[in-house]
Amino acid sequence: MKSIVLHLIFAITSIVFTGITYSQYSSPESATYDSVSSRYFVSNTSSRIISQRDLQGNVDFVNVGALYMESRFMAEEFTSAMAQRCAVTIFQTLQKLLQIAGSSFLNDLAIDASGMIYVSDFTARRIYKVNSANQDYWTYVASTTNTPNGVYVDAPRNRLLVCCWGSSAPIRAVSFADSSIATLVITPYSNLDGITLDRNDNVYVSTWGIQSVVKYDINFSQAPVIVTGGLSNPADIFVNKSKDTLEIPNAGNNTVTFANIGTLSGILTSLSET
Numbered sequence: 059m060k061s062i063v064l065h066l067i068f069a070i071t072s073i074v075f076t077g078i079t080y081s082q083y084s085s086p087e088s089a090t091y092d093s094v095s096s097r098y099f100v101s102n103t104s105s106r107i108i109s110q111r112d113l114q115g116n117v118d119f120v121n122v123g124a125l126y127m128e129s130r131f132m133a134e135e136f137t138s139a140m141a142q143r144c145a146v147t148i149f150q151t152l153q154k155l156l157q158i159a160g161s162s163f164l165n166d167l168a169i170d171a172s173g174m175i176y177v178s179d180f181t182a183r184r185i186y187k188v189n190s191a192n193q194d195y196w197t198y199v200a201s202t203t204n205t206p207n208g209v210y211v212d213a214p215r216n217r218l219l220v221c222c223w224g225s226s227a228p229i230r231a232v233s234f235a236d237s238s239i240a241t242l243v244i245t246p247y248s249n250l251d252g253i254t255l256d257r258n259d260n261v262y263v264s265t266w267g268i269q270s271v272v273k274y275d276i277n278f279s280q281a282p283v284i285v286t287g288g289l290s291n292p293a294d295i296f297v298n299k300s301k302d303t304l305e306i307p308n309a310g311n312n313t314v315t316f317a318n319i320g321t322l323s324g325i326l327t328s329l330s331e332t
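Position 87, counted from 1, in the sequence shown is what the working numbering calls 145; the numbers after and before it change by one each time, with no gaps.
Here it is in structure tokens:
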């Protein structure tokens, strides 16, 4: 997808709850959580809708028109007040559409506290940086060497985490100081898709190779731990830090897994919904 959608605020009228019947999820790709309304949101690539799930497990839909919902929600946690404000998210009705010239396959996105957006180009092996205030953009990393997929802003360590596609897939870091890129670890897994952190700064990555989510410590000094398996093409994962819940869209079988990661021993419960 060569277009990213950017906006800073949208009116409540820009979101319409649809009466059309869909399955709950349709090739779910990306996820986030709204702490104000206590709802999870999941983007679906096949139906091009957003599913919303409350804490009781009820799922409804948000209609955003013809917008192609491929990439992740760009804010780690967006708010949903009366004016439906949000920092930067792909909820939008095509009012501001940014074309990145020369891009090949824009895949994942992450945003820092200043509103700068980092976009991985899967095919061109680049990372772009976009100023959400004025839509200026430039090549931030000209060559990632490996195929970049998921990205995550690790602000305390002043870096962008990047998980990669391919065999023996590495996890890499881009320094915000000078945009240099370095390898943090070469994993024994293939085809990493999503990357996120929990409230204790453990690193989680989803892997299609073993259809699982694995966990690393923040320094990548210990052996990885499989958090939950039996998944189906786990995509852009998200941790609700306030509730210690890992949200995993399964693009391969139209389900979303919610895993409790709040104990030292690992998973308390793992619920998959269709």
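From the three backbone atoms N, C-alpha and C, an ideal C-beta is built for every residue, glycine too.
Source: prediction; values computed, not measured.
- Here the alpha carbon of Pro307 sits roughly 9 Å from the alpha carbon of Phe296.
- Under a 10 Å Cβ-count criterion, Thr286 is classified as buried, with 16 or more other Cβ atoms of the shown protein chains found around its own Cβ.
- DSSP places Arg215 in the helix class (H, G or I) of the three-state scheme.
- Apart from sequence neighbours up to five positions away, the residues of its chain that approach Thr205 with a beta-carbon distance below 7 Å are Phe180, Arg183, Cys222, Trp223, Gly224, ordered along the chain.
- Rounded to whole angstroms, the gap between the alpha carbons of Ser264 and Val314 is 13 Å.
- Residue state for Gly208 is assigned as strand, using DSSP reduced to three classes.
- Cβ-Cβ distances below 8 Å link Met174 to Lys187, Val188, Asn189, Ser190 in the same chain, with the five nearest sequence neighbours on each side left out; the list follows chain order.
- Of the other Cβ atoms in all chains shown, 16 or more fall within 10 Å of the Cβ of Thr303; this residue is therefore buried.
- In this chain, Thr245 is not harboured by any beta strand (DSSP E), its DSSP state being neither H nor E.
- The criterion of a C-beta distance shorter than 9 Å is satisfied by Pro292 and Gln269.
- Secondary structure note for Lys187: its beta strand (DSSP E) is the uninterrupted segment 184-189.
- Counting other Cβ atoms within 10 Å of its Cβ, Phe99 reaches 16 or more and is therefore classed as buried.
- By the beta-carbon neighbour count (other beta carbons within 10 angstroms, threshold 16), Arg97 is buried.
- Burial is judged here by how many other beta carbons sit within 10 angstroms of a residue's own beta carbon; Val209 has at least 16 and is buried.
- Assignment of beta-bridge partners to Leu289 by DSSP yields no partner.
- A straight-line Cα-Cα distance of about 35 Å links Tyr195 and Ser279.
- For Asn192, there is no enclosing beta strand (DSSP E), as DSSP gives it neither H nor E.
- Taking each of Asp212, Val232, Leu113, Ile253 in turn and checking the Cα distance to Thr203, the smallest one comes out for Val232.
- Gly160 has its alpha-carbon roughly 13 Å from the corresponding atom of Ser178.
- Close CB contacts of Ala240 within its chain, under the 6 Å cut and outside five residues either way in sequence, are with Ala231 (chain order).
- Val117 places its beta carbon 9 Å or farther from that of Ser105.
- Excluding five sequence positions before and after Pro282, the CB atoms of its chain that fall closer than 6 Å to its own CB belong to Val272, Tyr274, given in chain order.
- Beyond the five residues adjoining it in sequence on each side, Gly267 comes within less than 7 Å, by CB distance, of Tyr247, Ser248, Asn249 in the same chain, given in chain order.
- Only residues of its own chain outside the window of five on either side were considered, and among them Lys299 have a CB closer than 6 Å to the CB of Arg257, listed in chain order.
- Approximately 6 Å separates the beta-carbon atoms of Asn312 and Ser84; this is inside 8 Å, confirming the contact.
- Here the alpha carbons of Phe234 and Leu218 stand approximately 7 Å from one another.
- In terms of Cβ geometry, Val199 and Ile169 do not form a close pair [threshold 9 Å].
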